[in-house]
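Student:
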Amino acid sequence: MEHVDVATIGEIEKKLRYISHIVKQKGREILNHYPITPPQFVALQWLMEEGDLTIGDLSKKMHLAFSTTTDLIDRMEKTELVERVRDEKDRRVVRIHLLEKGKNIIHEVIEKRQEYLYDVLKNFSEEEVLTLKGSLDHLYSEMEMIRNGEKK
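Numbering (my numbering), first residue to last: 5 to 156.
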């Protein structure tokens, strides 16, 4: 990494910050057309990707306090996005289950986000898109390794 100067790293960090802001802003704009909040969207995404989770597991994934996640789940349960179900193997364990309404909303929102990204990338060549994907995959992998303590 010695071949990359500090100014270039600064420019990359700045662009990532700007991109993150635009993606969040567009995501919120899309969510305004649906009966869910940004934190609910994140929770629904985790449940879609991971399947049924306990409130504790969901809290860890979302980096939220247990009580905050409980309130979030309470609101989503009232709007029939999720339900609490007892674990069949251990009745003391309660898992959060994504209901059909929640699945439909998450699919629609992700589809709209992908349509937006398609519009952004439509003037990129196929090679540029594949290069971007490869670079993002690599960046994500490195960041995950550092976050998980596998690399310093």
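We put the beta carbon where it would ideally sit given N, CA and C, even for glycine.
Since this is a predicted model, take the numbers as computed values, not measurements.
State the start and end residues of the unbroken beta strand (DSSP E) segment that holds L125.
Tutor: The count along the sequence shown starts at 1 and reaches residue 125 at position 121. No beta strand (DSSP E) contains L125, which is instead part of the alpha helix (DSSP H) from 104-125.
Student: Closest by CA to S139, which one among H7, D9, V10, I16?
Tutor: Counting from 1 along the sequence shown, the entry for residue 139 is found at position 135. If we check each option's Cα against that of S139, I16 comes out closest.
Student: Can you tell me whether DSSP reads R90 as helix, strand or coil?
Tutor: In the sequence shown, residue 90 corresponds to position 86, counting from 1. Reduced to three states, the DSSP call for R90 is strand.
Student: Alpha carbon to alpha carbon, what distance is there between E115 and H101?
Tutor: Walking along the sequence shown from the start, residue 101 turns up at place 97. Walking along the sequence shown from the start, residue 115 turns up at place 111. Each residue's alpha carbon lies about 22 Å from the other.
Student: I need the DSSP call for R95, collapsed to helix, strand or coil.
Tutor: Translated into the one-based positions of the sequence shown, residue 95 becomes position 91. Coil.
Student: Please determine, among L48, D91, L68, the residue with the shortest C-alpha to C-alpha distance to N108.
Tutor: Here residue 108 is taken as the residue at index 104 of the sequence shown, counted from 1. The option with the nearest alpha carbon to N108 is L48.
Student: Taking the alpha helix (DSSP H) that K30 falls in, what are its first and last residues?
Tutor: Translated into positions along the sequence shown, residue 30 becomes position 26. That run of the alpha helix (DSSP H) goes 10-35.
Student: DSSP on L51, reduced to helix/strand/coil?
Tutor: Counted from its first residue, the sequence shown places residue 51 at position 47. It is helical.
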